[in-house]
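Q: Sending over a structure as structure tokens; questions will come in a sec.
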Amino acid sequence: MLSGEKIRVGIFGGSGYGGSELLRILLFHPRVEVTLVTANEHAGKAVAEVHRNLHGLTELRFEKTPEDFEGLNDVDCVFLALPHGQALEIVPRLPSGVKVVDLSGDFRLRDAEQFKEHYGREHTATELQREFVYGLTEINREEIKRARLVSNPGCFATATLLGLAPLAAAGAIKGRVVVDAKTGSSGSGAKPAANTHHPQRANSFYAYKPFTHQHVPEIEQTLGDVSAAHDWANELVFMTHSLPVSRGIFASIYAEVDEGGRMSADDLSALYSDFYRGSFFVRLVKGSPDINWVKTTNFCDIGFAARGRQIAVFSAIDNLVKGAAGQAVQNMNLMFGLDEKTGLMLVGGNP
659 MLSGEKIRVG IFGGSGYGGS ELLRILLFHP RVEVTLVTAN EHAGKAVAEV
709 HRNLHGLTEL RFEKTPEDFE GLNDVDCVFL ALPHGQALEI VPRLPSGVKV
759 VDLSGDFRLR DAEQFKEHYG REHTATELQR EFVYGLTEIN REEIKRARLV
809 SNPGCFATAT LLGLAPLAAA GAIKGRVVVD AKTGSSGSGA KPAANTHHPQ
859 RANSFYAYKP FTHQHVPEIE QTLGDVSAAH DWANELVFMT HSLPVSRGIF
909 ASIYAEVDEG GRMSADDLSA LYSDFYRGSF FVRLVKGSPD INWVKTTNFC
959 DIGFAARGRQ IAVFSAIDNL VKGAAGQAVQ NMNLMFGLDE KTGLMLVGGN
1009 P
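Written as structure tokens, this is what we have:
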């Protein structure tokens, strides 16, 4: 792009939490002009009427999903923040010159049978699936720079893969890996449900989707790309839990190094420091990270503990930012030749 030229952006699905965070970030992005925001149920309403945090900051109004997609030829990039299944219908209709970042799970899995098993429907755009790049920025940065179509990773997958990829790439672990991951209630979306109703959630803690979470296959797929030597399908144990907080993911990853080997927390820190050299949004911390220090930011904080062969890696992100909208904008930046930090210098509060 020419220096100073604006990227014209459309957001499909702007009424949910993912769409809200995209707006919060993109409205202040120095190289972006948001020209379209869709939300069929809110068509005609002011964006700031639905997202009150944006009051006085934008005159945008929600529109219905356009019937004629040829009218999108003047849009440079489309973000799809829609329920699973809808991107399958929309992406094939978009003009070929439009770049796409999809925040749903529709194009994350290369195996159509796995997609059917975990998302409960046939994949109807398998040819386009082959064109999508998996948008875990710190792992696939060079591929994303060349991509027209990017599939944004899931929030659990982002926290887990950033926490585990350096160990996998180094071939440092042996046998079973256990991931104990916990998320805030915003991970369930903006629509009210019994399990996200405040009186039920505020003092609650429980496991859900044990062994069957839809992010498991994308974690296994990506770990297989990083290290095919490990049998991830049989040696990864992944468990998800619901935290009584509104936002944030904390993943605790437990593993053992090869027999006869030892790794200290300092050894782990050195390994990760080398792996993530040049990755601004991965921060290595002493001891445990804290979701309070990554809330509303695009950072992933990683900490370590070790005892003999036993190692623990702790990964913390904001599920709506690094786990969704922030990483999507990070990917857009790369797709358009910008510094990936552009528009993402977001700092959390204290406390």
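Quick note, the sequence shown lines up with residues 659 to 1009 if you use the numbering used here.
The C-beta atom is built at its ideal place from N, Cα and C for all residues, glycine as well.
In whole angstroms, what is the alpha-carbon distance linking SER922 and VAL808?
A: Cα to Cα, SER922 sits roughly 37 Å from VAL808.
Q: Which residue comes first and which comes last in the beta strand (DSSP E) that contains ILE960?
A: Element bounds for ILE960: 958-965.
Q: Is it the case that the region 814-824 contacts the region 879-892, given that we only count it when at least three CB pairs across the two stretches are under 8 Å?
A: Contact between the region 879-892 and the region 814-824 is present, because at least three Cβ pairs lie under 8 Å.
Q: With DSSP as the reference, please indicate the residues paired to SER973 in a beta bridge.
A: Paired residue(s): ALA909 and ILE960.
Q: Can you name the start and end residues of the alpha helix (DSSP H) that ILE949 belongs to?
A: Note, ILE949: premise wrong, no alpha helix (DSSP H); not H, not E.
Q: Please list, in chain order, all residues of the same chain as PRO1009 whose beta carbon is under 8 Å from its beta carbon, the five residues on each side excluded.
A: If we look at PRO1009 and ignore the five residues flanking it on each side, its Cβ neighbours are ASN950.
Q: For PRO753, is the classification buried or exposed, using 16 other Cβ atoms within 10 angstroms of its Cβ as the cut-off for buried?
A: Its Cβ having fewer than 16 others within 10 Å, PRO753 is exposed.
Q: So what's MET897 in DSSP terms, helix, strand or just coil?
A: Three-state result, MET897: strand.
Q: So for ASP732, helix, strand or coil by DSSP?
A: It is helical.
Q: Could you name the residues that DSSP lists as bridge partners for GLU738?
A: Before going on, a small fix: residue 738 reads as Leu here, not Glu. Looking at the DSSP assignment, LEU738 forms a beta bridge with PHE670 and ASP760.
Q: Can you tell which of ASN991, VAL1005, MET1003 and LEU1004 has its C-alpha closest to the C-alpha of THR795?
A: Here the closest residue by C-alpha is ASN991.
Q: Report the partner residues of LEU942 according to the DSSP bridge assignment.
A: For LEU942, which the question treats as bridged, DSSP gives the partners ILE960.
Q: Output the distance between the C-alpha atoms of ALA974 and GLY906, rounded to the nearest integer angstrom.
A: Approximately 7 Å between the Cα atoms of the pair.
Q: Just the Cα atoms here: how many angstroms apart are VAL749 and ARG788?
A: Near 13 Å, if we compare the C-alpha coordinates of ARG788 and VAL749.
Q: Whole-angstrom Cβ separation of ALA815 and HIS873, contact assumed at under 8 Å?
A: About 4 Å separates the two Cβ atoms, so the contact holds.
Q: Taking 8 Å as the line, does the beta carbon of LEU680 fall inside it for any heavy atom of the ligand ATP?
A: As far as ligands go, the structure on display features none, and thus does not contain the ligand ATP.
Q: Within its chain, find whatever has a CB closer than 8 Å to the CB of HIS899; leave out the 5 residues flanking it on each side and keep chain order.
A: Result list for HIS899: ASP838, ALA839, LYS840, THR841, PHE863, TYR864, ALA865 and TYR866, in chain order.
Q: Of all the beta strand (DSSP E) runs that stay within the bounds of the region 834-892, which reach a length of 3 or more residues?
A: If we require 3 residues or more, the beta strand (DSSP E) runs fully inside the region 834-892 come out as 835-841 and 864-866.
Q: Which of helix, strand or coil does DSSP assign to SER904?
A: Three-state result, SER904: coil.
Q: Between VAL895, PRO875, CYS958 and ALA826, which lies nearest to LEU929 when the distance is taken from Cα to Cα?
A: Ranking VAL895, PRO875, CYS958 and ALA826 by Cα distance to LEU929 puts ALA826 first.
Q: Which residues in the same chain as GLY812 place their Cβ atom closer than 8 Å to its Cβ, once the five residues preceding and following it in sequence are excluded?
A: The answer, listed in chain order, is GLY763, ARG766, GLN872, HIS873, GLU876 and GLY981.
Q: Between which two residues does the alpha helix (DSSP H) containing VAL987 stretch?
A: Here the alpha helix (DSSP H) through VAL987 covers 984-993.
Q: Excluding sequence positions up to five away, which residues of its chain have a Cβ less than 7 Å from the Cβ of ASP959?
A: Cβ neighbours of ASP959 beyond the five flanking positions: ARG941, VAL943, PRO947, TRP951, VAL952 and ALA974.
Q: Cβ of VAL758 within 9 Å of Cβ of ARG806?
A: Yes, the pair counts as a contact, with Cβ atoms nearer than the cut-off.
Q: Excluding the 5 residues preceding and the 5 following TYR934 in the sequence, name in chain order all residues of the same chain whose CB lies nearer than 6 Å to its CB.
A: The answer, listed in chain order, is VAL940.
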